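Novice:
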Amino acid sequence: MKYPIEAIATAAAPTPAGHYAQAVAWGDLVFVSGQLPVRADGTLGADQPFESQVRQTLANVLAILEAAGSGPDGVLKVTAYIVGVENWPAFNAIYAEVFGAARPARAVVPVPSLHHGYLIEIEATAVRGAQTS
Amino acid sequence: MKYPIEAIATAAAPTPAGHYAQAVAWGDLVFVSGQLPVRADGTLGADQPFESQVRQTLANVLAILEAAGSGPDGVLKVTAYIVGVENWPAFNAIYAEVFGAARPARAVVPVPSLHHGYLIEIEATAVRGAQTS
Amino acid sequence: MKYPIEAIATAAAPTPAGHYAQAVAWGDLVFVSGQLPVRADGTLGADQPFESQVRQTLANVLAILEAAGSGPDGVLKVTAYIVGVENWPAFNAIYAEVFGAARPARAVVPVPSLHHGYLIEIEATAVRGAQTS
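Pasting the structure below:
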């Protein structure tokens, strides 16, 4: 391969609970692992309301993107797995607020449940490096 | 990043219902957002049979790919989320008809439900530009 | 596009049951289709315990990666769809054993069911070519 695969690690997002990196980068491409609403200090907060879980999860994704040299404007695709399709509007509203002018490709995928009883998991594919647009 | 991230927008597929682009392109890569069987004019048709929903969803994906300068032959990976794993054979038959000679990588992922009560959602990763094969 | 899209095919993994390639490669990038615990000879083994299903599925993914000129060290992102979130620890343990030092980005996505009654499906995005790290 032209570039090495680089593991991204930051204390600003929760330590991986399993056999994965928070993200890996290969050249300009960044792949962020599925993030749950775990707080950066490792406490779970699975009893938090849906809205709080969305904010924590997006905060984790953005902290990892920043550590990789990317950010909201560098995101190509987001996949959000949510428990309860009725949570779609609440998810979309908070997501829009956090992403602002950036509108990556996105899929919202309802799932029957998530680890620790969480209601949302978010993964992202992004690019990093000097912004040209 | 070497290339700007370009938002793809076409009136030949439904307007995004949330905070996302129909697709984004970065260099030769195109990421198509999860498409539902919404008609291009915005009417829902969630009461249509599964087969009709598959055709409408694939039509949406292909219209967006065309707007991005790609098409069935440029697709690298498709992820199809379906409600009811028993719909797999019907999905595969229509998909084969639509994709023809092209056989991208694919995953079919059963989900408990989808937005508006739809039975299928499809997303794609593709490349665009002059075909060399 | 700068590179042709290449279909990957190997007898060391099960023949696709539908309209998809085992994987496609485009330049250095490899997209492996969602693999189920089907044996390379096509027998199903859907009655096997979860642990056996994980091993068979990972074996299929790795056989396809090898045919594409990649391997565990070349994997960027894995998505594992599992039936029963309570199977997460068992999945992670076998996955860690198989991947060893490699820790790609990963998402584990619970689903209500899978084709043929299987308990796991795994897809991967990887790179191939000479290792530089």
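Just so you know, the sequences run in chain order A, B and C.
Just so you know, we're using this note's numbering here: the first sequence kicks off at 35 and counts up by one.
Just so you know, we're using this note's numbering here: the second sequence kicks off at 35 and counts up by one.
Just so you know, we're using this note's numbering here: the third sequence kicks off at 35 and counts up by one.
All residues carry an ideal CB built from backbone N, CA and C; glycine is no exception.
Bear in mind that the values here come from a model prediction, so they are computed numbers and not experimental data.
1) Taking residue 116(C) as the query, report the chain B residues whose CB atoms sit under 9 Å from its CB, ordered along the chain.
2) Against chain C, does residue 153(B) count as a neighbour if the rule is that its beta carbon must be under 8 Å from one of theirs?
3) Residue 168(C): which of 64(C), 48(C), 47(C) sits nearest, CA to CA?
4) Find out if the Cβ-Cβ distance for the pair residue 158(C), residue 95(C) is shorter than 8 Å.
5) Taking CB distances under 8 Å as the criterion, tell me whether residue 146(A) reaches chain B.
6) Tell me residue 111(B)'s beta-bridge partners as DSSP assigns them.
7) To the nearest angstrom, how far is it from the Cα of residue 133(A) to the Cα of residue 154(C)?
8) State the start and end residues of the unbroken beta strand (DSSP E) segment that holds residue 59(C).
9) Counting only C-beta atoms, is residue 129(B) closer than 8 Å to chain C at any point?
10) Excluding sequence positions up to five away, which residues of its chain have a Cβ less than 8 Å from the Cβ of residue 122(B)?
11) For the candidate residues 61(A), 38(A), 162(A), 147(A), whose alpha-carbon lies nearest to that of residue 103(A)?
12) With DSSP as the reference, identify every bridge partner of residue 154(C), one or two as the case may be.
13) Tell me residue 69(C)'s beta-bridge partners as DSSP assigns them.
14) Along the stretch 47 to 80 of chain B, where does the CB come closer than 7 Å to a CB of chain C? Name the residues.
15) Check for me: the beta strand (DSSP E) holding residue 41(A) runs from which residue to which?
16) Where residue 166(C) and residue 147(B) are concerned, what is the direct C-alpha to C-alpha distance, given to the nearest angstrom?
17) Tell me the DSSP bridge mates of residue 64(B)?
18) Quick check: the Cα distance between residue 55(B) and residue 72(C), rounded to an integer number of angstroms?
19) Have a look at residue 81(A) and residue 124(A) and give me their C-alpha separation to the nearest angstrom.
Specialist: With the given structure in hand:
1) Start at 1 with the first residue of the third sequence, and residue 116(C) comes out as number 82. Near residue 116(C) there are no residues of chain B at all, since even the closest Cβ is about 11 Å away, more than 9 Å.
2) In the second sequence, the residue the question calls residue 153(B) occupies position 119. Chain C, which has no Cβ nearer than 8 Å to the Cβ of residue 153(B), makes this no.
3) Since the first and last residues shown for chain C are 35 and 167, residue 168(C) lies out of range.
4) As a first step, residue 158(C) must be located in the third sequence, where it is residue number 124. As a first step, residue 95(C) must be located in the third sequence, where it is residue number 61. For residue 158(C) and residue 95(C), yes; Cβs fall inside 8 Å.
5) Here residue 146(A) refers to the residue found at position 112 of the first sequence. Cβ-Cβ to chain B under 8 Å: yes for residue 146(A).
6) Reading the second sequence from its first residue, position 77 is the one you call residue 111(B). Bridge partners of residue 111(B): 139(B), 159(B).
7) To locate residue 133(A), count along the first sequence from 1; it is residue 99. To locate residue 154(C), count along the third sequence from 1; it is residue 120. Taking the straight line from one Cα to the other gives about 33 Å.
8) Residue numbering aside, residue 59(C) sits at position 25 when the third sequence is read from its first letter. Where residue 59(C) is concerned, the enclosing beta strand (DSSP E) stretches over 57 to 60.
9) Counting from 1 along the second sequence, the entry for residue 129(B) is found at position 95. Yes, because at least one Cβ of chain C sits closer than 8 Å to the Cβ of residue 129(B).
10) Sequence index remark: in the second sequence, residue 122(B) carries index 88 (1-based). Correct list, in chain order: 116, 142.
11) To locate residue 103(A), count along the first sequence from 1; it is residue 69. Across the set 61(A), 38(A), 162(A), 147(A), the C-alpha of 162(A) shows the shortest separation from the C-alpha of residue 103(A).
12) Your numbering for residue 154(C) matches position 120 in the third sequence. Partner(s): 116(C).
13) Your numbering for residue 69(C) matches position 35 in the third sequence. Under DSSP, residue 69(C) forms a beta bridge with 156(C).
14) Correct list: 62.
15) In the first sequence, residue 41(A) corresponds to position 7, counting from 1. Here the beta strand (DSSP E) through residue 41(A) covers 39 to 42.
16) For the purposes of this step, residue 166(C) is taken as residue 132 along the third sequence, with counting starting at 1. For the purposes of this step, residue 147(B) is taken as residue 113 along the second sequence, with counting starting at 1. Caution applies to residue 166(C), whose pLDDT of 46 falls short of 50 and renders its modelled position unreliable; the value that the coordinates give is listed next. Cα to Cα, residue 166(C) sits roughly 44 Å from residue 147(B).
17) By 1-based counting over the second sequence, the position of residue 64(B) is 30. Among the bridge pairs identified by DSSP, residue 64(B) is matched with 59(B), 160(B).
18) As a position in the second sequence, residue 55(B) is number 21, starting the count at 1. As a position in the third sequence, residue 72(C) is number 38, starting the count at 1. One alpha carbon belongs to residue 55(B), the other to residue 72(C), and they sit about 37 Å apart.
19) As a first step, residue 81(A) must be located in the first sequence, where it is residue number 47. As a first step, residue 124(A) must be located in the first sequence, where it is residue number 90. Each residue's alpha carbon lies about 17 Å from the other.
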